[in-house]
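*Asks:* Sharing a structure, written as structure tokens. Questions coming.
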Amino acid sequence: MRFLPLTQDNRAEMLLRIGAASIDDLYGDVPRDKLLAKAPDLPRHASEIEVERTLGRMAERNIDAGSAPFFVGCGAYKHHIPASVDHLIQRSEFLTSYTPYQPEIAQGTLQMLFEFQTQVASLTAMDVANASMYDGSTGTAEAVLMAHRLTKRKRTVLSGGLHPHYGEVVRTISRMASDDVVSLPADPTASENILDQIDAGTSCVVVQSPDVFGNLRDLRPIAAKCQAQGALLIAVFTEVVSLGLVEAPGAMGADIVVGEGQSIGNGLNFGGPYVGLFATRQKYVRQMPGRLAGETRDAEGRRGFVLTLSTREQHIRREKATSNICTNSGLCALAFSIHMSLLGQAGLQKLARANHANAVKLADLLARIPNVSVLNETFFNEFTIRVKGHAARVIEDLAGRGVLGGVPFSRLAPRAGLDDLIVVASTEMNTQADRTAYAAALKGLM
């Protein structure tokens, strides 16, 4: 039997207390076209063993990322994670309180967060980083809100090279606050004139590099125009390994840098949990969302760690908080920090070079196939190809031939009109045999 603790009278009493006429009123902020008109066509109930069997049959329809040549990216990348990462994150030093309110019993967690922040600040060439966000997309939306607080303006410009899912999160958050968002059209060739969109009413400009199509972007002209107009430049990345080879956003004048850290220490995990990286200039630190761990000395002069800033809604700031992010991605941040420590600067650079070299080899192979063209002049480990026919169908056909060939851009932005584009990623995990198999399969479809 189902256990339903609330009666109709209980529900009516709660609705009366909050001033709502019906349960539907609680969803008033949700756009009407996002609500289902009727319940989905799913079995209403089943036993546990029946559910396991059903889900097992569904799972068998998938091609596992480790069982076929894998060239999928677009914000989630397959990298090698040393076995030592999983071993170390389970050590007792890190099994302290989940939220380190009492620093005297949470030094392992706090020191890890401090080291993580140091690594992120160094990678991005920024002054200060927080103790992580949920992921890159929500971190981007938080960066926009932070820019609004700093500039006292409400107009955001989104580059056409920004990952469509990141842009959608920004638009969702902005719509609730009635903020103005200018979204430039998807731009596979990075030829957009974003400078003309920046004026005295602009709060911030959001630019991704490498962008969703794989293009590397020079942020300096955009940073200069933003500075001249009193706006802030938010630099976004989805592939953190790229920072081992390309110039850091902070060195090109970014005011806020935000991105996805999944590639370091964290597996694909079917899309999550991931870890958002967030860094900014020292002068903006008090408007940075989330929390910040700091180093101090205890009464006996020993090195120690505490939460230095934590302007979250569940703390004393309440409605004045910079964010309603209630936590950080602690375990994912720990895995990131351990893997980053094992790599070191030289290891990260070596890893990044291997990624770029593999991607170049693959692009050269695919470019020789009739009816296939590589759009990018420069890229890191991800690039875009144009194919004959509908890209989504090509990807399905490639999967039928045992190759996971990338992401059709139409899956990210169905209304962009770019149905013949595939975004392809190649990491250190891809072998020459993988590349050859991909080229042969794609040639057979063209």
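In this note's numbering, the protein residues as written are 26 to 471. Ideal Cβ placement from N, Cα and C applies to all residues, glycine included.
Secondary structure at D236, three-state DSSP: helix, strand or coil?
*Replies:* Three-state DSSP puts D236 in coil, outside helix and strand.
*Asks:* For N353, tell me which candidate among M471, D50 and L138 has the shortest Cα-Cα distance.
*Replies:* Nearest option by C-alpha distance: L138.
*Asks:* For S162, is the classification buried or exposed, using 16 other Cβ atoms within 10 angstroms of its Cβ as the cut-off for buried?
*Replies:* Buried: at least 16 other Cβ atoms inside 10 Å.
*Asks:* Leaving out five residues before and five after Q136 in sequence, what residues of the same chain have Cβ atoms less than 6 Å from its Cβ?
*Replies:* Within the same chain, Q136 has close Cβ partners F330.
*Asks:* When DSSP builds the beta bridges, which residues end up paired with I130?
*Replies:* For I130, which the question treats as bridged, DSSP gives no partner whatsoever.
*Asks:* Would you kindly work out how many angstroms separate the C-alpha atoms of D212 and L241, rounded to a whole number?
*Replies:* Spanning the two alpha carbons is a distance of roughly 13 Å.
*Asks:* Going straight from the alpha carbon of L60 to that of P439, what length do you get?
*Replies:* About 20 Å.
*Asks:* When DSSP labels each residue in this structure, what does G301 get in the three-state scheme?
*Replies:* In the structure shown, G301 sits in a strand (DSSP, three-state: E or B).
*Asks:* Going by DSSP, what residue range makes up the alpha helix (DSSP H) through S109?
*Replies:* Unbroken alpha helix (DSSP H) run through S109: A108 to L113.
*Asks:* Using the three-state DSSP reduction, which class does A260 fall into: helix, strand or coil?
*Replies:* Here A260 sits in strand by DSSP.
*Asks:* Quick check: E140 and S362, are their CB atoms within less than 8 Å of each other?
*Replies:* Yes; because the gap between Cβ atoms is below 8 Å, this pair is in contact.
*Asks:* Which runs of the beta strand (DSSP E) at least 3 residues long sit entirely within the region 156-236? Give them in chain order.
*Replies:* Runs found: 180-183, 205-208 and 227-233.
*Asks:* With a CB to CB cut of under 6 Å and the five nearest residues on each side skipped, what residues in its chain are close to D459?
*Replies:* Same-chain partners within the cutoff: P94.
*Asks:* So if DSSP puts I410 in a beta bridge, which residue, or which two residues, is it bridged to?
*Replies:* Its beta-bridge partners are V399 and I447.
*Asks:* Going along the chain, which residues of its own chain have a beta-carbon closer than 7 Å to the beta-carbon of E118, five neighbours each way excluded?
*Replies:* Here the set comprises G133.
*Asks:* Is I447 closer than 8 Å to V428 when the C-beta atoms are compared?
*Replies:* Contact flag unset, no.
*Asks:* Leaving out five residues before and five after H190 in sequence, what residues of the same chain have Cβ atoms less than 8 Å from its Cβ?
*Replies:* G100, S162 and L437.
*Asks:* Can you look up L67 in the DSSP assignment and give me helix, strand or coil?
*Replies:* In this structure, L67 counts as coil in the three-state DSSP scheme.
*Asks:* Below 8 Å on the Cβ atoms is my contact criterion, and I expect V397 with L467 to pass it. Report the Cβ-Cβ distance as a whole number of Å.
*Replies:* Contact flag correct, Cβ pair sits at about 7 Å.
*Asks:* Using the rule of at least 16 other Cβ atoms within 10 Å of the residue's Cβ for burial, across every protein chain shown, is E453 buried or exposed?
*Replies:* When all chains shown are included, E453 counts as buried.
*Asks:* If distances are taken between C-alpha atoms only, which option among A462, N294 and I198 comes closest to H173?
*Replies:* H173 has its Cα closest to that of I198, out of A462, N294 and I198.
*Asks:* So is R180 buried or exposed if we call it buried at 16+ other beta carbons inside 10 Å?
*Replies:* Counting Cβ neighbours within 10 Å, R180 comes out buried, since at least 16 surround it.
*Asks:* Does the Cβ-Cβ distance between H415 and D445 come in under 8 Å?
*Replies:* Cβ atoms of H415 and D445: closer than 8 Å.
*Asks:* Consult DSSP for E453 and reduce its assignment to one of helix, strand or coil.
*Replies:* Coil.
*Asks:* Sort out for me which residues DSSP pairs G319 with in a bridge.
*Replies:* In the DSSP output, where bridge partners are listed per residue, G319 has V331.
*Asks:* Nearest CA to the CA of I88: which residue from A248, F295, A324 and R393?
*Replies:* The candidate whose alpha carbon is nearest that of I88 is F295.
*Asks:* Mind checking whether N401 and H381 have CB atoms under 8 Å apart?
*Replies:* It is not a contact, given that the beta carbons lie outside the stated cut-off.
*Asks:* Which word fits E38, buried or exposed, when buried means at least 16 other C-beta atoms lie within 10 angstroms of its C-beta?
*Replies:* Label assigned to E38: exposed.
*Asks:* Buried or exposed: F105, going by 16 or more other Cβ atoms within 10 Å of its Cβ?
*Replies:* First, the amino acid is wrong: residue 105 is His here, not Phe. Exposed: under 16 other Cβ atoms inside 10 Å.
*Asks:* By DSSP's criteria, S92 is part of a beta bridge. Which residues make up the other side?
*Replies:* In the DSSP output, where bridge partners are listed per residue, S92 has none listed.
*Asks:* Straight-line CA distance for G319 to C357?
*Replies:* Each residue's Cα considered, the two are about 19 Å apart.
*Asks:* Whose C-beta lies closer than 6 Å to the C-beta of E488 among residues of the same chain, with five residues either side of it excluded?
*Replies:* What is shown of the chain runs 26 to 471, which leaves residue 488 out entirely.
*Asks:* For A249, which residues of its own chain have a beta-carbon under 8 Å away from its beta-carbon, when the five flanking residues on both sides are left out?
*Replies:* Here the set comprises G278.
*Asks:* So G290 packs on H364, CB below 8 Å; how close in whole Å?
*Replies:* About 3 Å separates the two Cβ atoms, so the contact holds.
*Asks:* Among P68, V207, P314 and L80, which one has its Cα closest to the Cα of K345?
*Replies:* Taking only the C-alpha atoms, the option nearest K345 is P314.
*Asks:* So, helix, strand or coil for E325, using DSSP?
*Replies:* Residue state, collapsed to three classes: coil.
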